[in-house]
Amino acid sequence: MRHSILVAMLASLASSNAVFQGFNYGATKSDGYTVRAQSDFQTLFHRARNLPGTSGFTSARLYTTVQGGTTNEPTSAIPAAISENTSLLLGLWASAGPETMNNEITALKSAIAQYGTSFTKLVAGISVGSEDLYRISPQGVESKSNVGAEPSAIANYMSQVRSALAGTALSGTPIGHVDTWTAWVNGSNQEVVDASDWIGVDAYPYFESTQANGVENGATLFNKAMDATRNAAKGKPLWITETGWPVGGPKSGAAETGSTNAKSYWDQVGCPNFGTVNTWWYTLDDTDGSTSPGEQFGVVKGDTPNFDLSCSKQTSDLDSGATSASSPNSTGSDLTNGTVISPSTGNSTRSSPSSGLTPDKGSGGRPTGISGLKPTGTSGAQPTGGAGFKPNNSVIDIGTPSATKTGNLGTETQNAAALVSGSMIGVVGALVFGLVI
Numbered sequence: 006m007r008h009s010i011l012v013a014m015l016a017s018l019a020s021s022n023a024v025f026q027g028f029n030y031g032a033t034k035s036d037g038y039t040v041r042a043q044s045d046f047q048t049l050f051h052r053a054r055n056l057p058g059t060s061g062f063t064s065a066r067l068y069t070t071v072q073g074g075t076t077n078e079p080t081s082a083i084p085a086a087i088s089e090n091t092s093l094l095l096g097l098w099a100s101a102g103p104e105t106m107n108n109e110i111t112a113l114k115s116a117i118a119q120y121g122t123s124f125t126k127l128v129a130g131i132s133v134g135s136e137d138l139y140r141i142s143p144q145g146v147e148s149k150s151n152v153g154a155e156p157s158a159i160a161n162y163m164s165q166v167r168s169a170l171a172g173t174a175l176s177g178t179p180i181g182h183v184d185t186w187t188a189w190v191n192g193s194n195q196e197v198v199d200a201s202d203w204i205g206v207d208a209y210p211y212f213e214s215t216q217a218n219g220v221e222n223g224a225t226l227f228n229k230a231m232d233a234t235r236n237a238a239k240g241k242p243l244w245i246t247e248t249g250w251p252v253g254g255p256k257s258g259a260a261e262t263g264s265t266n267a268k269s270y271w272d273q274v275g276c277p278n279f280g281t282v283n284t285w286w287y288t289l290d291d292t293d294g295s296t297s298p299g300e301q302f303g304v305v306k307g308d309t310p311n312f313d314l315s316c317s318k319q320t321s322d323l324d325s326g327a328t329s330a331s332s333p334n335s336t337g338s339d340l341t342n343g344t345v346i347s348p349s350t351g352n353s354t355r356s357s358p359s360s361g362l363t364p365d366k367g368s369g370g371r372p373t374g375i376s377g378l379k380p381t382g383t384s385g386a387q388p389t390g391g392a393g394f395k396p397n398n399s400v401i402d403i404g405t406p407s408a409t410k411t412g413n414l415g416t417e418t419q420n421a422a423a424l425v426s427g428s429m430i431g432v433v434g435a436l437v438f439g440l441v442i
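This is the structure:
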């Protein structure tokens, strides 16, 4: 009896300390229109689990929980994850209004009822929104990143999700928000920090074109972004939800693309964090076998790695504070949800949720991957996970976070929806949701 209790306690402890390592996956393929089916997700998850030179990337971050082309049906990524034993950082698209959030919650509750513990044991956490705060910032508006959401709306959605999950197997699941590091250091967004169980950080030194952002400075810029976010997070765990370096595409400031530089960034930033901090890299494959004219962040093209994915070198100077602050809360998941690996193992267009806007890659925060609002129709505006827009190149001074909404962080945020025409939102939506996008 004592032995069984001890085993259960140890299993619970191991689960709560599991570290998640995976990639970001959009609801549509890289064309921004073709909706991914279960077989598409399953192929990607299997490929990620079996990457040569690694111990496997067994977690998936999603931008939406709604299947592309539907109003509120659960994403087919869920049965794919169950088949491949891949843990999930679920995303609920938050930039298309209350009706879309209600549809996200409906899809989530339907998935709980349909798949039971086969699904719920795989959930690493829930992200309410993705780069919504960046998109309403002056930098996001300037870069035409599409509609976002106010801090109060995100916080209210978090409360709504917690209430909806009360009494279900996902009650108590860590709920957070994903945004660019520049949004987190903006004091006007403190309400979202306070409402979050964890803080998801998107940071792309490649896009910080006003800085000395060659790959040799990639780790330094990334670590500064993490340090600045940590100072604003007030003790909340930091999860790395998006970062990467493009293997192809144009130069950005001093940052050159290419497999050699992508490998260097992987070694400097990825390897020291894999197995230590919850990390979802951008991305596994953002070409779907085709050639993209923009930045390509994929670490593979089809079954072929774009560079050596082994982690023999670890050169990041990320301090231990980030590591200790980033361990996940217990989710009730079993240990297989996380990849507890040795640090030696180890998108900007990106696909995003169906709920509405495309996430931008903003000031130093990489592209979000949601490509916009989906056209009206049966499913409303929802994120599709399409190609997304490239983040703007501006970089904000990461000095002491300001609560004044002025200065280097820009003026008080404004709702970008008012600045984006209905026709543009429709186009962007289509990219995100995958037409019914």
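To convert, count from 1 in the sequence shown and add 5; that's the numbering used here. Cβ coordinates follow ideal geometry from the N, Cα and C atoms, glycine included.
| Check | Outcome |
| --- | --- |
| Suppose only complete runs of 4+ residues qualify. What are the alpha helix (DSSP H) ranges in the segment 165-210, listed by chain order? | 186-189, 195-200 |
| Exposed or buried, G307, counting other C-beta atoms within 10 Å across all chains shown (16 or more means buried)? | exposed |
| Can you find at least 3 beta carbon pairs, one from the segment 248-258 and one from the segment 270-283, that sit closer than 8 Å? | yes |
| The alpha helix (DSSP H) spanning R54 covers which residue range? | 43-54 |
| Alpha carbon to alpha carbon, how far is S257 from A237? | 28 Å |
| Here's the rule I'm using: 16 or more other beta-carbon atoms within 10 Å means buried, otherwise exposed. How should T122 be labelled? | exposed |
| Within the same chain, show all residues whose beta-carbon is closer than 8 Å to that of L314, passing over the 5 residues directly before and after it, in chain order. | L56, P57, G58, T59, W271, V304, G351 |
| Are A443 and P210 touching if we call contact CB-CB under 9 Å? | The shown model of the chain, from 6 to 442, leaves out residue 443, and the question about it has no answer. |
| Using C-beta distances below 6 Å, list every residue in its chain close to Q43, excluding the 5 sequence neighbours before and after it, in chain order. | S81, P84, A85 |
| For G240, name the three-state secondary structure that DSSP assigns. | coil |
| Using the C-alpha atoms, what's the distance from A267 back to G294? | 19 Å |
| Have a look at G219 and E78 and give me their C-alpha separation to the nearest angstrom. | 43 Å |
| Cβ atoms of E109 and S157: under 9 Å apart, would you say? | no |
| Please report the straight-line C-alpha distance between T91 and Q144, rounded to a whole angstrom. | 35 Å |
| Out of M163, T173, T105, A129, point me to the one whose CA is closest to L93's CA. | A129 |
| On the three-state DSSP scale, how would you describe V252? | coil |
| With A85 as the anchor, note down where its alpha helix (DSSP H) starts and where it stops. | 82-89 |
| Return yes when the Cβ of S132 is within less than 9 Å of the Cβ of G172, no when it is not. | no |
| Measure from the alpha carbon of S193 to the alpha carbon of each residue in F227, W203, A154, then state which is nearest. | A154 |
| Which of the three DSSP states, helix, strand or coil, is assigned to Y30? | strand |
| Quick one, are the C-beta atoms of G37 and R66 less than 9 Å apart? | no |
| Does DSSP put I131 in a helix, a strand or coil? | strand |
| Count the other CB atoms within 10 Å of the CB of T281; is the residue buried (16 or more) or exposed (fewer)? | buried |
| Tell me the rounded alpha-carbon separation between T344 and A174. | With a pLDDT of 33 at T344, under the threshold of 50, the modelled position of that residue is not reliable, and the figure given next carries that caveat. Taking the straight line from one Cα to the other gives about 22 Å. |
| If you check the beta carbons only, do P255 and G205 fall under 9 Å apart? | no |
| Just curious, the beta strand (DSSP E) that L113 is in, first and last residue? | Run containing L113: none in the beta strand (DSSP E); it sits in the alpha helix (DSSP H), 103-120. |
| Taking just the CA atoms, how far does V71 sit from S35? | 18 Å |
| To the nearest angstrom, how far is the alpha carbon of T389 from that of S317? | For T389, the pLDDT reaches just 44, beneath the cut-off of 50, and the residue's location in the model is therefore unreliable, leaving the point undetermined. |
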